[in-house]
Amino acid sequence: MDIKSMKNYLYWLYCQFELITCSYLMEPWEKLLFYSFNIALLVTVLYTAYIFLPGHISSALQFFWQLFGSQHENTVSVLK
Amino acid sequence: MANPSAVCNGHLHHHHQKQNNLLKSGIYKKNGITKGMKKNGVSNGTLYKKTFIEHFEQAPMYVAVLTFLGFGVGTIFGYLRDFMRACGLEKRNLAAEREEQKDFVPLYQDFENFYTRNLYMRIRDNWNRPICSVPGPQFDLMERVTDDYNWTFRFTGRTIKNVINMGSYNYLGFAETDVNALKTVSIELQKYGTGVCSTRQEMGTLDKHVELEKLVAKFLGVEDAMVFGMGFATNSMNIPALVGKGCLILSDELNHTSLVLGARLSGATIRIFKHNNMQNLEKLLREAIIYGQPRSRRAWRKIIILVEGIYSMEGSIVHLPELVSLKKKYKAYLYLDEAHSIGAVGATGRGVVEYFGMSPDDVDVLMGTFTKSFGAAGGYIAGKKDLVDFLRTHSHSAVYATSMCPPVAEQIIRAMKCLMGLDGTTQGLQRVRQLGKNTRYFRRRLHEMGFIIYGNDDSPVVPLLLYMPGKIGVFSRLMLQKNIGVVVVGFPATPITESRARFCVSAAHTREMLDTVLNALDELGDFLLLKYSRYSKSAHPELYEETRLE
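Residue numbers (full-length UniProt numbering), protein chains in the order written: chain A, 1 to 80; chain B, 1 to 550.
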């Protein structure tokens with residue numbers, strides 16, 4: 001039962017996507033072209049995120065750590 | 001007066017800015033109009049004798065973004081298909097020149113039809129559907145299918161029966177085939193035949209026309225009237241007779257094509273004011289009187305204002321009281337096109353003039369058509385006797401166009417007599433009341449469901465906003481599957497982001513039919529996510545009414 005309503009919901013979401021992007025009006029080969037373009041774009045974005053995001057996040061974290069880290073050392077030295 | 005301002009400024013909404021400015025400026029700031037109002041002698045000091053509620057809600061921002069996204073995708077694919085057609089990868093289905101003429105001046109300008117070729121063709125099956133019965137509250141459709149994505153159609157031979165008709169301009173339900181109702185029409189048909197074979201000025205004026213014109217004049221409460229065979233031609237052929245070079249035409253932004261065509265044919269200068277915006281109109285009037293004609297600075301020979309009673313794409317009613325006071329102050333003429341409002345608004349169906357409680361002497365030229373509320377064809381122009389006598393001699397339509405055919409004239413006579421009560425029954429009044437009830441019920445229920453509806457609460461034309469181009473086709477097709485026929489409109493008849501479905505409520509619709517349509521709309525609204533309104537009405541109407549001018 002849950003699977004069925006889940007499937008119905010997903011199908012309805014797919015219908016909304018079709019309506020909003022006018023792919024409902026397209027002929028089958030146009031739909032193929034449009035979807036393959038979209039999926040290719042999505043895959044590229046995800047792949048790029050997978051490769052580069054950890055690197056970017058760790059360097060950003062390092063930058064902020066350093067900022068707070070040096071502050072911490074400064075205050076410690078003043079106290080001392 | 002503070003109360004409406006508090007409601008407007010305090011809460012909710014989306015403002016109907018035009019109405020709000022009117023409230024503030026029309027009554028407090030502009031001395032001219034305040035004086036005009038006092039002269040009118042209306043007891044409670046305002047121009048409107050009853051509440052005038054209009055809705056023009058704006059959709060949330062994401063709707064506009066998604067609409068543009070849809071159009072963007074459609075345009076990109078349009079360019080792709082055009083490229084393929086130009087390369088020869090795809091067959092060209094539209095008109096093209098012959099090979100021998102390729103070097104001549106191009107006959108078919110390709111790019112102008114870009115939208116038609118690439119977007120309209122894909123959903124073309126929703127328009128031009130042939131019907132095969134009288135367009136009453138229900139009608140029969142011929143089924144057609146397409147094998148090549150709407151470039152050609154073929155009929156399967158089957159008829160879809162009893163489709164509920166929400167698209168015909170059948171406001172009072174006079175499009176009927178009841179034998180008793182059409183008795184006089186068939187008698188006249190036997191007596192006169194169908195063709196007139198002449199123009200009004202030669203041998204085409206029949207006693208039926210004289211009878212009809214007297215009846216129209218009596219119905220509207222004016223001195224005289226003249227009838228023409230075609231409604232569109234009434235506007236486009238008579239405006240050139242009334243104005244010419246050296247005159248100024250002030251025309252509303254959303255006027256019908258017949259008015260625009262008539263104005264352009266006349267050769268007068270045309271200036272456009274924003275839809276129903278009386279401040280803009282006043283500014284234009286002042287500029288016209290102060291600066292005069294463009295180069296010579298002479299005074300304008302005539303200034304005429306072209307407006308419609310009900311605008312068929314918006315469902316809005318013209319602000320007639322302010323308009324008449326403006327016209328009297330600046331000495332301009334008023335041409336009121338009551339194509340959709342005659343028979344449909346007003347306590348006894350006499351149009352917007354009666355709706356606002358004004359006298360027909362205030363409007364200089366009253367024009368209307370018999371196509372919508374009377375179940376016939378043709379148009380009329382009514383007003384002072386001098387005006388109509390002038391038109392009888394100078395109008396293009398009177399001189400060159402064939403006059404109205406007798407059975408159609410008899411249909412109008414019997415419909416008008418029914419409306420006025422001259423046939424001894426109260427059927428006419430009942431029809432008008434039924435239309436009012438149906439209109440209010442339909443609009444109220446649609447507001448409660450959460451759709452965005454444009455227009456005045458009393459107008460039987462109900463535009464429901466769809467916004468996205470992908471939804472236009474789906475809406476119409478799904479409604480047809482549920483046996484309901486609707487009219488959907490998109491660009492270029494409406495602004496590009498505001499495509500809509502337009503319902504025309506009729507007095508012949510029963511409560512069950514309206515409920516069927518409303519339930520179908522409810523379902524479709526949930527499935528297609530059309531319920532964009534942020535303010536669905538609750539049990540406290542006073543809190544949620546947009547603007548009130550009392």
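Built from N, CA and C at the ideal position, the CB exists for glycine as well.
Q | Within 8 Å of chain A by C-beta, residues of the stretch 465 to 496 of chain B in sequence order | A | 468, 469, 470, 471, 473, 474
Q. Going along the chain, which residues of its own chain have a beta-carbon closer than 7 Å to the beta-carbon of residue 452 of chain B, five neighbours each way excluded?
A. Within the second sequence, numbered from 1, the residue matching residue 452 of chain B stands at position 452. If we look at residue 452 of chain B and ignore the five residues flanking it on each side, its Cβ neighbours are 57, 59, 465, 532, 533.
(Q) Distance check for residue 363 of chain B and residue 298 of chain B, CA to CA, integer angstroms please. (A) Along the second sequence, read from residue 1 onward, the residue named residue 298 of chain B stands at position 298. Along the second sequence, read from residue 1 onward, the residue named residue 363 of chain B stands at position 363. If you take the alpha carbons of residue 298 of chain B and residue 363 of chain B, they lie about 26 Å apart.
(Q) With a threshold of 8 Å between beta-carbons, can residue 6 of chain A be considered close to chain B, or not? (A) By one-based count along the first sequence, residue 6 of chain A stands at place 6. No, its Cβ sits nowhere closer than 8 Å to a Cβ of chain B.
Q. What three-state label does DSSP hand residue 62 of chain A in the structure shown?
A. By 1-based counting over the first sequence, the position of residue 62 of chain A is 62. Of the three classes helix, strand and coil, the one that applies to residue 62 of chain A here is helix, per DSSP.
Q | Any chain A beta carbon closer than 8 Å to residue 414 of chain B | A | The count along the second sequence starts at 1 and reaches residue 414 of chain B at position 414. False, the Cβ-Cβ gap to chain A never drops below 8 Å.
Q. DSSP three-state call for residue 22 of chain A: helix, strand or coil?
A. Within the first sequence, the letter at position 22 stands for residue 22 of chain A. Correct three-state label for residue 22 of chain A: coil.
Q) Do residue 555 of chain B and residue 410 of chain B have their CB atoms nearer than 8 Å? A) There is no way to answer for residue 555 of chain B, as the model of chain B reaches only from 1 to 550.
Q | At least three beta-carbon pairs within less than 8 Å, the stretch 481 to 491 of chain B to the stretch 411 to 419 of chain B | A | no
**Q.** Sequence-distant residues of its chain with Cβ nearer than 7 Å to residue 233 of chain B (five each side left out)
**A.** Translated into positions along the second sequence, residue 233 of chain B becomes position 233. Result list for residue 233 of chain B: 397, 401, in chain order.
Q: Indicate whether residue 118 of chain B and residue 81 of chain B have their beta-carbon atoms separated by less than 8 Å.
A: Counting from 1 along the second sequence, the entry for residue 118 of chain B is found at position 118. Counting from 1 along the second sequence, the entry for residue 81 of chain B is found at position 81. Yes.
Q) Can you name, in chain order, every residue of its own chain whose Cβ lies under 7 Å from the Cβ of residue 429 of chain B, other than the five neighbours on each side? A) Your numbering for residue 429 of chain B matches position 429 in the second sequence. Excluding residues within five positions, the ones whose Cβ falls inside 7 Å are 348, 421.
Q: Kindly list, in the order they appear in chain A, the residues whose Cβ is closer than 8 Å to that of residue 73 of chain B.
A: Residue numbering aside, residue 73 of chain B sits at position 73 when the second sequence is read from its first letter. Result: 21, 22, 23, 34.
Q. From residue 139 of chain B to residue 160 of chain B, what does the alpha carbon distance come to, in whole angstroms?
A. As a first step, residue 139 of chain B must be located in the second sequence, where it is residue number 139. As a first step, residue 160 of chain B must be located in the second sequence, where it is residue number 160. Distance between the alpha carbons of residue 139 of chain B and residue 160 of chain B: 9 Å.
Q. From what residue to what residue does the beta strand (DSSP E) around residue 405 of chain B run?
A. Mapped onto the second sequence, residue 405 of chain B falls at position 405. Where residue 405 of chain B is concerned, there is no enclosing beta strand (DSSP E), given that its DSSP letter is neither H nor E.
Q | Cβ-based neighbour list, residue 248 of chain B, same chain, cut-off 6 Å, excluding 5 preceding and 5 following | A | Walking along the second sequence from the start, residue 248 of chain B turns up at place 248. If we look at residue 248 of chain B and ignore the five residues flanking it on each side, its Cβ neighbours are 269, 288, 300, 303.
Q. Using the beta-carbon of each residue, which ones in chain B are nearer than 9 Å to residue 66 of chain A?
A. Position 66 of the first sequence, counted from the start, is the residue given in the question as residue 66 of chain A. Those do not exist, as residue 66 of chain A stays about 40 Å from chain B at its closest Cβ, beyond 9 Å.
Q | Endpoints, the alpha helix (DSSP H) within which residue 355 of chain B is located | A | Here residue 355 of chain B refers to the residue found at position 355 when the second sequence is read from its first residue. Its alpha helix (DSSP H) spans residues 352 to 355.
Q: Could you name the residues of the stretch 60 to 93 of chain B whose beta carbon sits closer than 7 Å to any beta carbon of chain A, in the order they occur along the chain?
A: 66, 69, 70, 73, 74, 77
(Q) Could you check whether the stretch 515 to 531 of chain B touches the stretch 487 to 500 of chain B, counting it as contact only if at least three pairs of C-beta atoms, one from each stretch, sit closer than 8 Å? (A) no
Q. Quick one: complete alpha helix (DSSP H) runs, 4+ long, within the stretch 360 to 402 of chain B?
A. 385 to 394, 396 to 400
Q | Inter-residue spacing [alpha-carbon to alpha-carbon] between residue 35 of chain A and residue 13 of chain A | A | One-based indexing of the first sequence puts residue 35 of chain A at position 35. One-based indexing of the first sequence puts residue 13 of chain A at position 13. Cα to Cα, residue 35 of chain A sits roughly 15 Å from residue 13 of chain A.
Q) What's the C-alpha gap between residue 170 of chain B and residue 148 of chain B? A) Here residue 170 of chain B refers to the residue found at position 170 when the second sequence is read from its first residue. Here residue 148 of chain B refers to the residue found at position 148 when the second sequence is read from its first residue. For residue 170 of chain B and residue 148 of chain B, the distance between alpha carbons rounds to 34 Å.
Q.
Measuring straight from C-alpha to C-alpha, what distance separates residue 284 of chain B and residue 306 of chain B?
A. Locating residue 284 of chain B in the second sequence gives position 284, counting from the first residue. Locating residue 306 of chain B in the second sequence gives position 306, counting from the first residue. The alpha-carbon atoms of residue 284 of chain B and residue 306 of chain B are separated by roughly 13 Å.
Q) Given that a residue counts as buried once 16 or more other Cβ atoms are within 10 Å of its Cβ, and exposed if not, what is residue 52 of chain B? A) The residue labelled residue 52 of chain B in the question sits at position 52 within the second sequence. Buried: at least 16 other Cβ atoms inside 10 Å.
Q. Closer than 7 Å, Cβ to any Cβ of chain A: which residues of the stretch 101 to 125 of chain B, in chain order?
A. 122, 123
Q. Around the C-beta of residue 8 of chain A, are 16 or more other C-beta atoms found within 10 angstroms, so that it is buried, or is it exposed?
A. Taking the first sequence and counting its residues from 1, the one referred to as residue 8 of chain A is at position 8. That one is exposed.
Q.
Measuring straight from C-alpha to C-alpha, what distance separates residue 239 of chain B and residue 258 of chain B?
A. Residue numbering aside, residue 239 of chain B sits at position 239 when the second sequence is read from its first letter. Residue numbering aside, residue 258 of chain B sits at position 258 when the second sequence is read from its first letter. In a straight line, the C-alpha of residue 239 of chain B is about 10 Å away from that of residue 258 of chain B.
Q: Apply the 10 Å Cβ neighbour rule to residue 322 of chain B and answer buried if 16 or more other Cβ atoms are within range, or exposed otherwise.
A: Start at 1 with the first residue of the second sequence, and residue 322 of chain B comes out as number 322. Under this definition residue 322 of chain B is a buried residue.
Q) In three-state DSSP terms, what is residue 458 of chain B? A) In the second sequence, counting from the first residue as 1, residue 458 of chain B sits at position 458. Coil.
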